[in-house]
Amino acid sequence: MQRSYYTNSIILNLKPTGENNNSVTLLTPDKGVIYATLYGGPKSKLRSLVAQWHSGKIWLYENPEKKQTKISDMEVTNYHSSFGQNLFKQYAASLAAELAIKTRCAGSPEHCFTLIQGFMDGMELCDEEQSRLGLIRFLWRYLELMGIRPDTSEAQAFATRTISYYNIIDNCFTWERDEQSTHLIPVKNEAVMYLAAVSALPPSEVRKIPVDKAIYEEIKQFVFFLLEKNLETEMNTIKTGTGIL
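Next up, the structure:
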């Protein structure tokens, strides 16, 4: 068994352990979420490299006897330095990390890694306003990875209507309302059409679509609802990030 190997990674979290060490949570495209130990005091070269939200190539050493993974080295390709200067970006990145951990990469480490890497790299290049829409697009695509994204392929059929309805039981949109029904959630049609565009169009085209503040808020709350409903648990980042996300 090869104990030393390298892989691409995103540093999701670090927690102090022992006197000078850190327990590090990594996201990798081949093994998903990995927990490894970073040894060394404040003067260690690796301390400046293995930092939250840094991404790049990482060298790991596995010790099966101790059931432990050690970080040997890291080559950083993206520092995501703007995250430390913008509270929204910090919380958005934390939400992506929490989602990967809680869903265990939705059973597809490679696709999960690609989505999160693209989202974080995109935020680094964007301002906060652009990053907010980027978060919506990322979460909508992650819902697809989880296999729970509502179908929007028929959205064009009711494009002229003002209100659509999300059917909680059937996990789909409809324009027909049953007055007795308790499982229909009204969603403005502009919100549904934007989500349909995210589902069908290339990212470069979707980024050109303007979204006003009211529609953005409705989309955001709807996507947050879908996440927590299907995970059957609160997302800590959404709860603590009220007013920020």
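Here the sequence shown is numbered in numbering that gives the first Met the number 0, starting from 0 and rising by one per residue. Cβ coordinates follow ideal geometry from the N, Cα and C atoms, glycine included.
Buried or exposed: which applies to A96, given that a residue is buried once 16 or more other Cβ atoms fall within 10 Å of its Cβ?
As a working note, residue 96 is residue 97 in the sequence shown. Result: buried.
Can you list the beta strand (DSSP E) stretches of 3 or more residues lying completely in the stretch 39-118, in chain order?
Counting only runs of 3 or more, we get 54-62, 67-77.
N- and C-terminal bounds of the beta strand (DSSP E) containing K219:
By 1-based counting over the sequence shown, the position of residue 219 is 220. Element bounds for K219: not the beta strand (DSSP E) but the alpha helix (DSSP H), 212-230.
Nearest-angstrom Cα separation, counted from L26 out to N229
Locating residue 229 in the sequence shown gives position 230, where the first residue counts as 1. Locating residue 26 in the sequence shown gives position 27, where the first residue counts as 1. Distance between the alpha carbons of N229 and L26 is about 22 Å.
Rounding to the nearest angstrom, what Cα-Cα distance links I214 and L45 in this structure?
Position 215 of the sequence shown, counted from the first residue, corresponds to residue 214. Position 46 of the sequence shown, counted from the first residue, corresponds to residue 45. Inter-residue distance for I214 and L45 is about 44 Å (C-alpha atoms, whole angstroms).
Backbone CA spacing between L138 and V222 [nearest angstrom]
Counting from 1 along the sequence shown, the entry for residue 138 is found at position 139. Counting from 1 along the sequence shown, the entry for residue 222 is found at position 223. Whole-angstrom Cα-Cα distance: 7 Å.
Cutting at 8 Å between CB atoms, please list the residues of its own chain near L13, excluding the five before and the five after it.
Within the sequence shown, numbered from 1, the residue matching residue 13 stands at position 14. Non-local C-beta neighbours of L13 in its own chain, meaning closer than 8 Å and more than five positions away in sequence, comprise N21, S22, V23, T24, L37, V49, A50, Q51, ordered along the chain.
Within its chain, find whatever has a CB closer than 6 Å to the CB of G31; leave out the 5 residues flanking it on each side and keep chain order.
As a first step, residue 31 is located in the sequence shown; it is residue number 32 there, counting from the start. So the list reads C104, P108, once near-sequence residues are dropped.
Rounded straight-line distance, which links the Cα of Y165 to that of P149:
Here the question's residue 149 lines up with position 150 in the sequence shown. Here the question's residue 165 lines up with position 166 in the sequence shown. The straight-line gap separating the alpha-carbon atoms of P149 and Y165 is approximately 9 Å.
To the nearest whole angstrom, what separates the beta carbons of K69 and L59, a pair I think is in contact under 8 Å?
Looking up residue 69 in the sequence shown gives position 70. Looking up residue 59 in the sequence shown gives position 60. Right, their Cβ atoms sit about 7 Å apart.
When burial is assigned at 16 or more other CB atoms within 10 Å of the CB, is T151 buried or exposed?
Translated into positions along the sequence shown, residue 151 becomes position 152. T151 should be labelled buried.
Where do the ends of the beta strand (DSSP E) carrying I237 lie?
To locate residue 237, count along the sequence shown from 1; it is residue 238. The continuous stretches of beta strand (DSSP E) do not include I237, which lies in the alpha helix (DSSP H) extending over residues 235-239.
Cα-Cα separation between P185 and R176, rounded to whole angstroms:
Reading the sequence shown from its first residue, position 186 is the one you call residue 185. Reading the sequence shown from its first residue, position 177 is the one you call residue 176. Distance between the alpha carbons of P185 and R176: 9 Å.
Buried or exposed for Y141, going by 16 or more other Cβ atoms inside 10 Å?
As a position in the sequence shown, residue 141 is number 142, starting the count at 1. It counts as buried.
Going by DSSP, name the residue or residues bridged to I208.
The count along the sequence shown starts at 1 and reaches residue 208 at position 209. DSSP output for I208 lists no bridge partner at all.
Count the other CB atoms within 10 Å of the CB of L200; is the residue buried (16 or more) or exposed (fewer)?
Taking the sequence shown and counting its residues from 1, one reaches residue 200 at position 201. Counting other Cβ atoms within 10 Å of its Cβ, L200 stays below 16 and is therefore classed as exposed.
Could you tell me the distance, in whole angstroms, from the CA atom of P202 to the CA atom of E18?
Here residue 202 corresponds to residue number 203 of the sequence shown, with the count starting at 1. Here residue 18 corresponds to residue number 19 of the sequence shown, with the count starting at 1. Taking C-alpha positions only, P202 is separated from E18 by approximately 46 Å.
In angstroms, rounded to a whole number, what distance separates the CA positions of K187 and V205?
On the sequence shown, position 188 is the one that residue 187 refers to. On the sequence shown, position 206 is the one that residue 205 refers to. Rounded to whole angstroms, K187 to V205 spans 18 Å at the Cα level.
Mind checking which residues open and close the beta strand (DSSP E) that includes G31?
For this step, residue 31 is matched to residue 32 along the sequence shown. Here the beta strand (DSSP E) through G31 covers 31-37.
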